[in-house]
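Asks: Sequential numbering from 22 applies to the sequence shown in our numbering. Where a beta carbon is used, it is the ideal one built from N, C-alpha and C, also for glycine. Please see the structure below; I have some questions.
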Amino acid sequence: MKQLSKRIFTVSALALAVSAAPQLSAATWSDTYIGYRYGTEFTEPNNDRDIERHILQLTHASGYAYGQNFFNLDVLQSDENDPANGSARGEGDGALEAYLTYRHQLHLGKVLDKDLSFGPVKEVALSAGFDMNTENTAFAPRKQLLLVGPTLKFGLPKGFADLSLFYAYERNHCGLSACSAPGNKNDLSFDPYYVINLAWGVPFQAGPVPMKFQGFGNYNGAKGKDYFNNETKPEVLIRTSLMVDVGQLAFDKSNTLWAGVGYEYWDNKFGNHGKPGVDTRAPSFNLEWHF
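The following block contains the structure:
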């Protein structure tokens, strides 16, 4: 637990450093919030039980003259059906995970001082970023993912929609004793793969109620063999939410307090297939406090 706490502290410090970066580059806009998600139907590979999770998040997005930054730090607390290392499933402590995502977009039209718009596309960007995680399960993953590729930014009356094609390179760790067996691997560099990512956030009015529909979807190509020399399969992850601007309705303060429902759809989680727990269909309750 101490080792995981140190890793979470390190990830949190990195997230805070990233959030300060736009201030050094004359941010033209920014949005930061603390979020909370709760659900009871999450899953994990090789686990046939539904998992209850409380998820705290710190999210920041900001823009500057030539692009924009985004990061999200999730801290996920599972119940005993997803046990921490040393606990039996259904007993003891649930797993604790930290997952950090960072993306940067360089808007090429602004850099080149040219109009790169065409059709519904208003701008073309070069995007790059990384994902990192740590979790105190017996598997003990330590994901390190690097991504780079082009992004098409669509012109919407309100909100945004970005479509990206990433080249992805991933390293990870397996702490299970079976991963140390001859022919298997504890530390693995997967084959490079591609990621198609769609991210969106669209505010709208439902009569007198201010709302927004937001989320992202990833299609990850197969990434070669896993720790046990099994071929991975393509992976689909969609996480979305429909939110109400409670702050505007209750306190006449827009974009402060949001509440709503979310849904996580995940097929072939981490490229696994043919096992229990690799497909997730998890509704959730969501809160956001923007400051």
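For a test of the three-state rule: what should DSSP assign to residue 299, helix, strand or coil?
Replies: Here residue 299 sits in coil by DSSP.
Asks: Is residue 280 helix, strand or coil when you go by DSSP?
Replies: Reduced to three states, the DSSP call for residue 280 is strand.
Asks: Tell me whether residue 49 is buried or exposed, calling it buried when 16 or more other Cβ atoms sit within 10 Å of its Cβ.
Replies: With fewer than 16 other Cβ atoms within 10 Å, it is exposed.
Asks: Any idea what DSSP makes of residue 105, helix, strand or coil?
Replies: Note: residue 105 maps to coil in three-state DSSP.
Asks: Can you list, in chain order, the residues of its chain whose CB lies under 6 Å from that of residue 287, leaving out five sequence neighbours each side?
Replies: Contacts found: 258 and 301.
Asks: Let me make sure I understand the geometry here. Which of 154, 157, 133 and 128 has the alpha-carbon closest to that of residue 145?
Replies: Checked all of 154, 157, 133 and 128; the closest Cα to residue 145 is 128.
Asks: Would you mind sorting residue 119 into buried or exposed? The rule is 16 or more other CB atoms within 10 Å of its CB.
Replies: Result: buried.
Asks: For chain D, check one thing: does any of its Cβ atoms lie closer than 8 Å to the Cβ of residue 290?
Replies: Annotation note: the requested chain D is absent from the structure, which comprises a single protein chain.
Asks: Would you call residue 247 buried or exposed, if buried means 16 or more other Cβ atoms sit within 10 Å of its Cβ?
Replies: Buried, by the Cβ-count rule.
Asks: Quick check for students: name the residue ranges of the beta strand (DSSP E) that lie wholly in the segment 72–133, counting only runs of 3 or more.
Replies: Those beta strand (DSSP E) runs which fall completely within the segment 72–133 and span 3+ residues are 72–85, 88–99 and 117–128.
Asks: Out of 305, 252, 176 and 133, which one is the CA nearest neighbour of residue 139?
Replies: Comparing Cα-Cα distances from residue 139 to each of 305, 252, 176 and 133, the minimum goes to 176.
Asks: Identify whether residue 56 lies in helix, strand or coil by the three-state DSSP scheme.
Replies: Three-state result, residue 56: strand.
Asks: Under 6 Å Cβ to Cβ from residue 224, same chain only, skipping five residues before and after it: list those, please.
Replies: 179, 180 and 233.
Asks: Is it true that the CB of residue 170 sits closer than 8 Å to the CB of residue 184?
Replies: No, the pair does not count as a contact, with Cβ atoms beyond the cut-off.
Asks: Kindly indicate which three-state DSSP category residue 138 falls into: helix, strand or coil?
Replies: The answer is coil: DSSP assigns residue 138 none of H, G, I, E or B.
Asks: What residue from 292, 200 and 74 has the CA that sits closest to residue 239's CA?
Replies: Closest by alpha carbon: 292.
Asks: Are the Cβ atoms of residue 106 and residue 64 separated by less than 8 Å?
Replies: For residue 106 and residue 64, no; Cβs fall outside 8 Å.
Asks: Given residue 41, which residues of its chain have a CB within under 8 Å of its CB, disregarding the five upstream and five downstream residues?
Replies: Only weak support is given to the placement of residue 41: the predicted model assigns it a pLDDT of 48, under 50, and the value that follows is read from those uncertain coordinates. Hits under 8 Å: none found.
Asks: With burial defined as no fewer than 16 other Cβ atoms inside 10 Å of the residue's Cβ, what is the status of residue 230: buried or exposed?
Replies: It is exposed - the Cβ of residue 230 has fewer than 16 other Cβ atoms within 10 Å.
Asks: Quick check: what's the CA-CA separation for residue 294 versus residue 244?
Replies: Each residue's alpha carbon lies about 13 Å from the other.
Asks: Report buried or exposed for residue 202, applying the criterion of at least 16 other Cβ atoms within 10 angstroms of its Cβ.
Replies: Exposed.
Asks: Starting from the C-beta of residue 192, find all residues in its chain whose C-beta is less than 6 Å away, skip the five residues before and the five after it, and write them out in chain order.
Replies: Around residue 192: 165 and 210.
Asks: Mind checking which residues open and close the alpha helix (DSSP H) that includes residue 271?
Replies: Looking at the DSSP string, the run of the alpha helix (DSSP H) that includes residue 271 is 267–272.
Asks: Tell me whether residue 156 is buried or exposed, calling it buried when 16 or more other Cβ atoms sit within 10 Å of its Cβ.
Replies: Buried, because 16 or more other Cβ atoms sit within 10 Å of the Cβ of residue 156.
Asks: Assign residue 110 to one of two classes, buried (16 or more other C-beta atoms within 10 Å of its C-beta) or exposed (fewer than that).
Replies: Counting Cβ neighbours within 10 Å, residue 110 comes out exposed, since fewer than 16 surround it.
Asks: Excluding five sequence neighbours on each side, which residues of the same chain lie with their C-beta closer than 6 Å to the C-beta of residue 205?
Replies: If we look at residue 205 and ignore the five residues flanking it on each side, its Cβ neighbours are 248 and 249.
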